[in-house]
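Residue numbers (this note's numbering), protein chains in the order written: chain C, 1 to 247; chain H, 1 to 63.
One structure is given here, and the rest of the page talks about it.
Below is the structure:
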């Protein structure tokens, strides 16, 4: 039946092998795209008419910010799946997504602060966009810390899944914060509806970097998942076969 | 290239330190994020292999 592929998602050996094959191509592709996008953004795009060259930080700041928000949905959806269907791979994905998301959010805040200095005259303001991003960072770190705090790991997973799901309320707040409140942060330059306020010569390298960081995020998630699978299922026959079969 | 020289690219009309720091931080963080799981996976595989081989050895001795 067409739905049998769905059952494979519950099979640890299948996920381990499939993600290994996928990573063989996706990781080099992600690295090439990130390097190409960075070089394009740094050296082959015109400067902004108002911000000069400081705007080049956009090619890092926007992709990591977009992925830090999308990564939260990944974590929350994985948490919901593990809560509802008790799929252990979903539980692992939720745990793996937390530190990666925290790193992406940290990069978004850091590059934003560094961009703020030449543009706004300050590294930091406690406005709606930045404060809600700090909350996002703490949500990611919270899920990570909460799991470590419990001895009973089944209970820890449940608590983390609930925290992830409750935290999703923050994502639309972050996204709409620049429209709802007066903010130093500029509104979105790329819009799904209506015209984007960014020139094609800047838009295409930005789009490339967004795709590149999404690919990279997928790779990081899969690498973390493979590591967690081997760690937690070290006593099973398939892991033994996998390890001894490789040599 | 948009810039006339390498030194122009480096200084970016005064914005160089901000831009290069951002790109530097990005590459350091993603470098760590990529290398750490690969390194941990490699060392875990080595440890597991030793454990399995030691287990097989004791089992064969018992037989």
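Idealized CB from N, CA, C, for every residue including glycine.
As the structure is a computational prediction, the values presented were derived from the model and not from experiment.
For residue 4 (chain H), the secondary structure class from DSSP, reduced to helix, strand or coil, is coil. Residue burial is scored here from C-beta neighbours: residue 14 (chain H) has fewer than 16 other C-beta atoms within 10 angstroms and is therefore classed as exposed.
By the Cβ rule, the segment 201-208 of chain C counts as touching the segment 49-63 of chain C, because three or more pairs are nearer than 8 Å. No Cβ of chain C is located within less than 7 Å of the beta carbon of residue 28 (chain H). Annotation: the continuous alpha helix (DSSP H) that includes residue 15 (chain C) extends over 12-43. Identification of residues in the segment 2-13 of chain H having a C-beta nearer than 7 Å to some C-beta of chain C yields 2, 3, 9, 12 and 13, given in sequence order. Check the Cα spacing between residue 49 (chain C) and each of C:232, C:224, C:225 and C:197: the tightest is with C:197. Collapsing the DSSP output to three states places residue 52 (chain C) in a strand.
Taking the C-beta atoms as reference points, residue 43 (chain C) is found nearer than 7 Å to residue 9 (chain H). Closest in alpha carbon position to residue 212 (chain C), among C:10, C:35 and C:146, is C:35. Along the length of the segment 145-180 of chain C, whole alpha helix (DSSP H) runs at least 4 residues long occupy 153-167 and 170-180, reported in chain order.
Interface annotation, residue 198 (chain C): not in contact with chain H, CB-CB separation never under 7 Å.
Looking at the backbone, the Cα of residue 89 (chain C) and that of residue 49 (chain H) are separated by about 23 Å. Counting of Cβ neighbours within 10 angstroms places residue 148 (chain C) among the exposed residues, the total staying below 16. Residues of chain H with a Cβ closer than 9 Å to the Cβ of residue 126 (chain C) do not exist, since the nearest Cβ in that chain sits about 21 Å away. In this structure residue 37 (chain C) is buried. Its beta-carbon is surrounded by 16 or more other beta-carbon atoms within 10 angstroms.
With its beta carbon less than 7 Å from one in chain C, residue 25 (chain H) belongs to the interface.
Judged by DSSP secondary structure, residue 12 (chain H) falls outside any alpha helix (DSSP H); it is assigned neither H nor E. Its chain contains 26, 29, 30 and 33 as the residues whose beta carbon lies nearer than 7 Å to that of residue 215 (chain C), once the 5 sequence neighbours on both sides are disregarded; these appear in chain order.
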